[in-house]
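Enquirer:
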Amino acid sequence: MVKFKMKIHNSTVLITGANRGIGLEMARMCAFEKAHLHLVIRKNDPGLVEDLTKRGALSVTLWVADLSLRNEVATLIEKLCHHPIDIVINNAGLLTGGLLEDQPLDDIYAMFHVNLLSLVHLTHGLLPSMIKRGRGKIVNNSSVSAFMHFPCATTYAASKAAVVAFTNSLAAELKGTGVSTLCLITPGVKTRMFDEIEIKYAKNLEIPADYISAELYAQRVKNAIIEDVPFLYPSGPSWVGLNIARYLPFLFKMEIGRRFHR
Ligand SMILES: NC(=O)c1ccc[n+]([C@@H]2O[C@H](COP(=O)([O-])OP(=O)(O)OC[C@H]3O[C@@H](n4cnc5c(N)ncnc54)[C@H](OP(=O)(O)O)[C@@H]3O)[C@@H](O)[C@H]2O)c1
368 MVKFKMKIHN STVLITGANR GIGLEMARMC AFEKAHLHLV IRKNDPGLVE DLTKRGALSV
428 TLWVADLSLR NEVATLIEKL CHHPIDIVIN NAGLLTGGLL EDQPLDDIYA MFHVNLLSLV
488 HLTHGLLPSM IKRGRGKIVN NSSVSAFMHF PCATTYAASK AAVVAFTNSL AAELKGTGVS
548 TLCLITPGVK TRMFDEIEIK YAKNLEIPAD YISAELYAQR VKNAIIEDVP FLYPSGPSWV
608 GLNIARYLPF LFKMEIGRRF HR
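Just so we're aligned, residue 368 is where the sequence shown starts under the numbering used here, counting upward by one.
Printed below as a string of structure tokens:
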């Protein structure tokens with residue numbers, strides 16, 4: 368059987384959280400591959416259009432939306448119905464952290480809205496057009512935290528575990544439609560969020576320092592899209608940590624006990 372391959376070249380790609388971090392590097396990677404880009408950001412940024420056009424994007428359209436607000440996600444979907452999207456990259460994310468009782472409830476609600484509900488809502492809104500055209504890819508950015516349940520990561524880990532469950536379940540529904548999913552089990556990537564981990568967790572947890580650059584990670588995402596694999600797992604020490612958490616939970620708990628203090 369010939370394996371279906373998704374191409375980025377000439378495709379129309381929507382990326383959320385594309386103004387910085389992993390999202391920006393994925394936008395740059397897609398520009399280099401000569402894609403049409405639709406970028407969801409919170410503040411207008413004409414410099415972003417200029418930069419990505421110079422890097423090879425066939426077109427760049429910016430959509431301003433706060434993904435923590437249901438009505439803004441709904442409005443965004445309404446506007447996007449005139450722009451058939453081939454690849455959706457649900458990347459925008461917020462980090463919560465620290466002892467549960469210390470995490471502000473407003474932060475927890477905003478995080479679940481951005482990390483989970485907007486991802487589900489956008490997928491729900493954009494999927495029918497993909498199924499109709501018999502072509503598409505939904506890329507959801509989860510985390511090693513979906514499997515590595517560190518203390519101080521209660522709410523964030525729950526959001527990312529839900530992204531894995533949602534994506535897996537959807538993949539089964541989409542069999543034979545021409546639309547497929549890719550779930551990113553993202554390891555430490557050196558971005559602003561990575562630096563926030565130190566601030567939010569370090570009081571109670573000694574955090575593993577392993578990370579890669581956002582540029583390198585975007586290249587791995589590109590290969591995973593083109594190869595049409597359902598999951599992108601980390602490599603190196605993050606791969607070892609992930610597999611200890613999944614298959615040797617007693618060892619993972621022991622290690623956490625060593626690193627965590629109230
Ligand atoms: N970095 C890591 O180590 C790591 C590890 C595992 C998973 N991940 C996941 O990878 C994804 C990207 O993370 P990153 O490291 O690139 O983080 P980042 O540098 O903090 O970027 C987060 C992006 O999400 C956007 N965003 C946040 N709240 C939003 C909202 N309410 N509406 C619209 N956009 C919003 C941000 O926009 P603003 O600039 O407007 O805030 C920014 O573009 C996230 O889903 C994260 O959970 C990251």
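Virtual Cβ for every residue (Gly too), placed ideally from N, Cα, C.
How big is the Cα-Cα spacing for Ser378 and Ser547?
Expert: Taking the sequence shown and counting its residues from 1, one reaches residue 378 at position 11. Taking the sequence shown and counting its residues from 1, one reaches residue 547 at position 180. Spanning the two alpha carbons is a distance of roughly 15 Å.
Enquirer: Could you have a look at His488 and say whether DSSP puts it in helix, strand or coil?
Expert: Locating residue 488 in the sequence shown gives position 121, counting from the first residue. Of the three classes helix, strand and coil, the one that applies to His488 here is helix, per DSSP.
Enquirer: Using a Cβ-Cβ cutoff of less than 8 Å, which residues in the same chain neighbour Asp412 once the five nearest sequence positions on both sides are dropped?
Expert: Along the sequence shown, read from residue 1 onward, the residue named residue 412 stands at position 45. These residues qualify, in order along the chain: Asn386, Leu429.
Enquirer: Could you check whether the region 508-518 touches the region 420-434, counting it as contact only if at least three pairs of C-beta atoms, one from each stretch, sit closer than 8 Å?
Expert: Judged by Cβ distances under 8 Å, the region 508-518 makes no contact with the region 420-434, as fewer than three pairs qualify.
Enquirer: Which of the three DSSP states is assigned to His405 in this structure?
Expert: Here residue 405 refers to the residue found at position 38 when the sequence shown is read from its first residue. Strand.
Enquirer: The alpha helix (DSSP H) with Ile382 in it runs from where to where?
Expert: To locate residue 382, count along the sequence shown from 1; it is residue 15. Unbroken run through Ile382 is the beta strand (DSSP E), 379-383; no alpha helix (DSSP H).
Enquirer: Nearest CA to the CA of Ala591: which residue from Val416, Ala520, Ser526, Met393?
Expert: Here residue 591 refers to the residue found at position 224 of the sequence shown. Among Val416, Ala520, Ser526, Met393, the Cα nearest to that of Ala591 is on Met393.
Enquirer: Report the three-state DSSP secondary structure of Asn438 (helix, strand or coil).
Expert: For the purposes of this step, residue 438 is taken as the residue at position 71 of the sequence shown. Three-state DSSP puts Asn438 in a helix.
Enquirer: Could you check if Leu461 belongs to the surroundings of ligand 1, using beta carbon to heavy atom distance under 7 Å?
Expert: Counting from 1 along the sequence shown, the entry for residue 461 is found at position 94. Yes, the beta carbon of Leu461 sits closer than 7 Å to at least one heavy atom of ligand 1.
Enquirer: Compute the beta-carbon to beta-carbon distance between Ile475 and Leu381, rounded to the nearest angstrom, for a pair I have assumed lies under 8 Å.
Expert: Within the sequence shown, the letter at position 108 stands for residue 475. Within the sequence shown, the letter at position 14 stands for residue 381. That belief does not hold up - the Cβ atoms of Ile475 and Leu381 are roughly 27 Å apart, past 8 Å.
Enquirer: Tell me the rounded alpha-carbon separation between Leu572 and Ala459.
Expert: Walking along the sequence shown from the start, residue 572 turns up at place 205. Walking along the sequence shown from the start, residue 459 turns up at place 92. Cα to Cα, the separation comes out at about 25 Å.
Enquirer: Taking Lys374 as part of the beta strand (DSSP E), name the residues at either end of that continuous run.
Expert: The count along the sequence shown starts at 1 and reaches residue 374 at position 7. No beta strand (DSSP E) holds Lys374; DSSP gives it neither H nor E.
Enquirer: Rounded to whole angstroms, what is the Cα-Cα separation between Met368 and Ile498?
Expert: Residue mapping note: residue 368 aligns to position 1 of the sequence shown, counting from 1. Residue mapping note: residue 498 aligns to position 131 of the sequence shown, counting from 1. With a pLDDT of only 41 at Met368, under the threshold of 50, the placement of this residue in the model should not be trusted; the figure read from the coordinates follows. Going from the Cα of Met368 to the Cα of Ile498 covers about 22 Å.
Enquirer: Report, in whole angstroms, the separation of the C-beta atoms of Ile375 and Ile454, which I expect to be a contact under 8 Å.
Expert: Your numbering for residue 375 matches position 8 in the sequence shown. Your numbering for residue 454 matches position 87 in the sequence shown. Yes, Ile375 and Ile454 are in contact; Cβ-Cβ is about 7 Å, under 8 Å.
Enquirer: Given a cut-off of 8 Å, decide if Val556 and Tyr578 are closer than it, judged by their beta-carbon atoms.
Expert: Taking the sequence shown and counting its residues from 1, one reaches residue 578 at position 211. Taking the sequence shown and counting its residues from 1, one reaches residue 556 at position 189. Contact: yes.
Enquirer: Taking only heavy atoms of ligand 1 into account, decide whether any of them is closer than 7 Å to the Cβ of Leu489.
Expert: Residue 489 sits at position 122 when you count from the first residue of the sequence shown. No.
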